[in-house]
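Q:
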Amino acid sequence: MTGGGQRDRETCLAPFYVLAVPLVDQATGEILDRDLVGTLDFVERDADGRLVVVDVKTAARKYSDLQVEASLQLSIYSYATAMNGLADEADLRLRFDVLTTTRQPELHRYWPPRDPAANVRLYRLAAESLAAIETGVFPPRVGWHCQDCPVRSRCWASESP
Ligand code: SF4
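Numbering (our numbering), first residue to last: -15 to 145.
1. Using only the heavy atoms of ligand 1, determine whether one of them is closer than 6 Å to the beta carbon of Ser113.
2. The alpha helix (DSSP H) that contains Ala101, what's its start and end?
3. Identify the continuous beta strand (DSSP E) that holds Asp39 and give its terminal residues.
4. How would you label Val2, buried or exposed, when you count the other beta carbons within 10 angstroms and need 16 or more for buried?
5. Roughly how many angstroms separate the alpha carbons of Asp132 and Ser142, rounded to a whole number?
6. When every heavy atom of ligand 1 is checked, does at least one fall within less than 6 Å of the C-beta of Ala74?
7. Once the 5 residues before and after Thr42 are set aside, which same chain residues still bring their CB inside 6 Å of it?
8. Report yes if the C-beta of Ala148 is less than 6 Å from at least one heavy atom of ligand 1; otherwise report no.
9. Rounded to the nearest angstrom, what separates Gly69 and Gln51 at their Cα positions?
10. I need the DSSP call for Glu28, collapsed to helix, strand or coil.
11. For Gly(-13) and Leu91, what's the separation of their Cα atoms in angstroms?
12. Taking C-beta to C-beta, are Thr65 and Leu58 nearer than 7 Å?
13. How far does the alpha helix (DSSP H) with Val52 in it reach, from first residue to last?
14. Give me the DSSP bridge partner(s) of Pro6.
15. So, for Ser62: in the same chain, excluding its five sequence neighbours on each side, which residues have a beta-carbon less than 7 Å away from its beta-carbon?
16. With a threshold of 6 Å, establish whether the CB of Val126 neighbours any heavy atom of ligand 1.
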């Protein structure tokens, strides 16, 4: 397991925590006209009483440093958790629990650094994606998630050739 030096006495507070929070540009105060809605895999309280937001993954191999540091997903969780009032963002910790699907499965724990600028990037990405969709520019992103997609029947990328 990675993340040496971290204490492992955590209390699981809630699996599958559902959040819906406004998307606010923290550089300008502008608010998007859609909320950010999502589910956290689970939320823990560590031995020091700090909230830990955990994302659980399976992967063919352990993560690289870049994968951990550049993860937009945990930035989104960090933003949503703070906006929901669950914890002060500065006092929040984030963790990936990654189980490798290797012959001998291994659990790796990663503690990504928090990046306050990620909130501004998140807002801009959401605003630009929404604007693109509303003007009919909607590049499909095919993957495992397509099986649960509510608009799959109208997506050209999901059709068989
Ligand atoms: S079916 Fe199309 S719209 Fe739905 S997730 Fe897949 S690529 Fe995206």
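Glycine included, every Cβ here is placed at the ideal spot set by N, Cα and C.
Keep in mind that this is a model prediction, so the values were computed, not measured.
A: Once the coordinates are examined:
1. no
2. Where Ala101 is concerned, there is no enclosing alpha helix (DSSP H), given that its DSSP letter is neither H nor E.
3. Leu35 to Ala43
4. exposed
5. 12 Å
6. no
7. Leu83 and Thr85
8. Lying before the first or after the last residue shown, residue 148 is absent from the chain, which here runs from -15 to 145.
9. 28 Å
10. strand
11. Unreliable positioning characterises Gly(-13) in this predicted model, as indicated by a pLDDT of 41, which lies under 50. The coordinate reading is nonetheless provided below. Straight-line Cα distance between these residues: approximately 11 Å.
12. no
13. Asp49 to Glu53
14. Asp19
15. Val37, Glu73, Leu76, Leu78 and Arg98
16. yes
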